[in-house]
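Chains C and P supply the protein sequences, listed in that same order.
Residue 559 is where the first sequence starts when you use the working numbering, and the numbers rise one by one after that.
Residue 559 is where the second sequence starts when you use the working numbering, and the numbers rise one by one after that.
Take a look at the structure set out below.
2 protein chains.
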Amino acid sequence: MTGTDAAPADVDDIELGTVLRALSDDHRRAVVVELAADDSDGERTCNSFDLPISKQTQTHHFRILREAGLIREINYGNRKGIRLRRADIDRRFPGLLDLLAAESGAPSPEAPR
Amino acid sequence: MTGTDAAPADVDDIELGTVLRALSDDHRRAVVVELAADDSDGERTCNSFDLPISKQTQTHHFRILREAGLIREINYGNRKGIRLRRADIDRRFPGLLDLLAAESGAPSPEAPR
DNA sequence: CTTGAGGTACGATACAAGTCGTACCTGAGG
DNA sequence: CCTCAGGTACGACTTGTATCGTACCTCAAG
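Printed below as a string of structure tokens:
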């Protein structure tokens, strides 16, 4: 495993600075926004995000997201699953995912005038 | 370059990516957190934040915050005032300031620790 | 077993960003 | 006028980071 998981296990170990730094990148934010927009919270594959970057860079970004505590990566050997840590994020930073979802053109609870 | 030392005038011109990038820095986030914690929204001076960095660097950070649309800088010649754009932020990213305020050890409505 | 696709590890590179040094501007108070 | 503190402008330095190339691993299907 080569010391893979430096991901915060506890909700309290998720730090705002790390999260914001992770979300400041457009590609990573796009991933989280997509995940946040899916209510069913199904497991996704890396390929399903259609990022215009190489595999190695994708690995890098997903690691940042995992270490920030935003996603979980389930290792299947020659495949991996991506899952949003929605419950943890909602408890640690309530409203954050709504903020991100609002950027994707998601339905807003309030009338847009 | 970037030709923009201008701050976004319209609320809609405030971009999430720029805001998150601005808030990903600890010093800048500390400033916004302090501002967000003050409900009176009084004008502050740069000195009042007690940042452990040089004046030049402070100027740099305040510019980033201003260009992101998070604060306004009022120039008095040999002094300047700092003011949080609370109304704009609340309208563009509702909940964001609450998120930040929660990190400052502010009283959270439901944080039984 | 061999092959191929998905993923990772390590390294190199190029650009962005935080920091400070020096020099200069501005206004208040001697 | 001169001085001084707050603030800015420009540049240099250093670190961080996003990106990719090459090599390797893992599993499933031939």
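Each residue gets a CB set at the ideal place from its N, CA and C atoms; glycine is no exception.
Rounded to the nearest angstrom, the Cβ distance from isoleucine 640 of chain C to glutamate 631 of chain C is 6 Å, consistent with a contact under 8 Å. In this structure the segment 581-594 of chain P touches the segment 577-585 of chain C; the number of beta carbon pairs closer than 8 Å is three or more. Listed in chain order, the positions of the segment 633-666 of chain P with a beta carbon within less than 9 Å of a beta carbon of chain C are Phe651, Pro652, Gly653, Leu654, Asp656, Leu657, Leu658, Ala660 and Glu661. Membership of glutamate 631 of chain C in any alpha helix (DSSP H) is not indicated; the residue belongs instead to the beta strand (DSSP E) covering 629-633.
For isoleucine 640 of chain P, no alpha helix (DSSP H) segment is defined; the enclosing uninterrupted segment is the beta strand (DSSP E) at 638-642. In the DSSP assignment, phenylalanine 620 of chain C falls within the unbroken alpha helix (DSSP H) covering 613-626. For valine 591 of chain C, the enclosing alpha helix (DSSP H) covers residues 584-595. Beta bridge pairing from DSSP links arginine 602 of chain P with P:Ile640. Excluding sequence positions up to five before and after glutamate 661 of chain C, its CB lies within less than 7 Å of the CB of Val591, all in the same chain and listed in chain order. Selection C:Asp599, C:Pro610 and C:Gly653 evaluated against isoleucine 629 of chain C yields C:Asp599 as nearest (Cα-Cα). Counting every other CB atom within 10 Å of its CB across the protein chains shown gives alanine 594 of chain C a total of 16 or more, marking it as buried. Residue environment analysis places arginine 624 of chain C among the buried positions, since at least 16 neighbouring C-beta atoms fall within 10 angstroms of its C-beta. Assigned with DSSP and collapsed to three states, alanine 565 of chain P falls in coil, not helix or strand. Contact of leucine 578 of chain C with chain P by beta-carbon distance below 7 Å involves Leu578, Leu581 and Ser582. Rounded to whole angstroms, the gap between the alpha carbons of aspartate 570 of chain C and tyrosine 634 of chain P is 43 Å. In this structure, the straight-line span from the alpha carbon of proline 566 of chain C to that of threonine 576 of chain C is close to 11 Å. Scanning its chain for C-beta atoms nearer than 7 Å, with the 5 sequence neighbours on each side dropped, one finds around alanine 564 of chain C the residues Glu625, in chain order. Membership of leucine 581 of chain P in the alpha helix (DSSP H) is indicated by the continuous run 574-581. By the beta-carbon neighbour count (other beta carbons within 10 angstroms, threshold 16), aspartate 646 of chain C is buried. In the DSSP assignment, aspartate 656 of chain P falls within the alpha helix (DSSP H) that extends over 654-661. In this structure arginine 643 of chain P is buried. Its beta-carbon is surrounded by 16 or more other beta-carbon atoms within 10 angstroms.
Leucine 657 of chain C places its beta carbon 8 Å or farther from that of aspartate 648 of chain C.
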